[in-house]
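So the sequence shown is numbered by my numbering: it starts at 189 and just counts up by one. Glycine is no exception: its CB is placed at the ideal position from the N, C-alpha and C atoms. Here the structure is a predicted model, which is why all the values come from computation and not from measurement.
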Amino acid sequence: MTLPKEIKCVIFDMDGVIIDSEEIHKKAYYETFISIGADVSDDLYKTLTGSSTINAFQRLVTHFNLDLNPEELVLNKRKRYVSFFENDPTLHLVNGVEELIKYCYNKGFTLILASSSAMVNIDRVFNRFNLNQYFSAKISGAELTASKPHPEIFEKAAVLGNTPKKNCIVIEDSDNGIKAANDAGIFVFGYRNKMAKDQTLENADFVIDDFSLLKEII
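Here you go:
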């Protein structure tokens, strides 16, 4: 897919694109896996990246044939994530993303957040780093009927941005998120986050590893 001639709306993923939180998510997940006795391989975990937490645990309960409530596992994992989030003073925005957000905002683009994280986690990040002022809408995949790699979240983002999909771009760091953008028919930049080396980004329309480059492109 070619870059839109006229960009009007930029749709951001959050974890791994706006905030370097992939590592604390992984720690929270694996603490939860250990607590329920689930031996989750690196390959299996890779397939969960970018999905909503409820979707991830629904799949794991089925995969391991566990007699456990996925919604309770979500709460278990969320408590662990919050503990890491609140007690890690080094947690920071992805390098260069704040400048990119301000650049897009000042160019008059509509900014939409489309994340698989729960809204409580989205708000926690946006409040901590003062990002609400730049975004027109925030979508949590946890509140939708389908999770990435399903395209629903990006289709909804375009609607909330009041922008035709042909004038939107997505910024993603996960293969599941990229597939969701592909299937929604929206141009997608794959951001190569060093914390997510297990993601190939092979189906992105364009791959970047530096947000300053993106400012030159759009």
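Residue closest to residue i, alpha-carbon to alpha-carbon, out of the options
i	options	result
Asn-318	Glu-286, Ser-304 and Gly-225	Glu-286
Ser-305	Gly-378, Leu-248 and Ser-240	Ser-240
Asp-363	Thr-388, Ile-374, Leu-348 and Lys-353	Thr-388
Thr-235	Asp-371, Lys-367 and Tyr-291	Lys-367
Arg-380	Asp-361, Glu-211 and Tyr-322	Asp-361
Ile-222	Asn-264, Asp-203 and Pro-192	Asn-264
Pro-192	Glu-390, Ile-396, Lys-326 and Thr-351	Thr-351
Ile-327	Ile-310, Ala-216, Met-189 and Cys-356	Ile-310
His-251	Ile-396, Gly-238, Arg-266 and Val-228	Val-228
Lys-295	Ile-396, Ile-195 and Met-189	Ile-195
Glu-210	Ile-199, Gly-238, Thr-220 and Glu-219	Gly-238
Glu-260	Phe-245, Phe-273 and Asn-315	Phe-245
Phe-273	Asn-391, Lys-215, Lys-403 and Ile-341	Lys-215
Tyr-233	Lys-403, Asn-253, Asn-391 and Ala-384	Ala-384
Buried or exposed (CB count within 10 angstroms, at least 16 for buried), residue i
i	result
Arg-268	buried
Val-308	exposed
Asp-276	exposed
Pro-337	buried
Val-347	exposed
His-213	buried
Asn-370	buried
Leu-401	exposed
Thr-278	exposed
Ala-334	exposed
Thr-298	buried
Thr-190	exposed
Asn-243	buried
Sub-9 Å separation of residue i and residue j beta-carbons
i	j	result
Gly-378	Asp-393	yes
Val-313	Ile-206	yes
Val-358	Asp-201	yes
Ile-300	Cys-197	yes
Gly-373	Lys-353	yes
Ile-406	Cys-292	yes
Val-270	Pro-258	no
Ile-199	Ala-345	yes
Asp-386	Ser-303	no
Cys-356	Gly-349	yes
Bridge partner(s) assigned by DSSP for residue i
i	result
Phe-377	Ile-359 and Phe-394
Phe-200	Leu-301 and Ile-359
Ile-327	Ala-302
Leu-281	Ile-207
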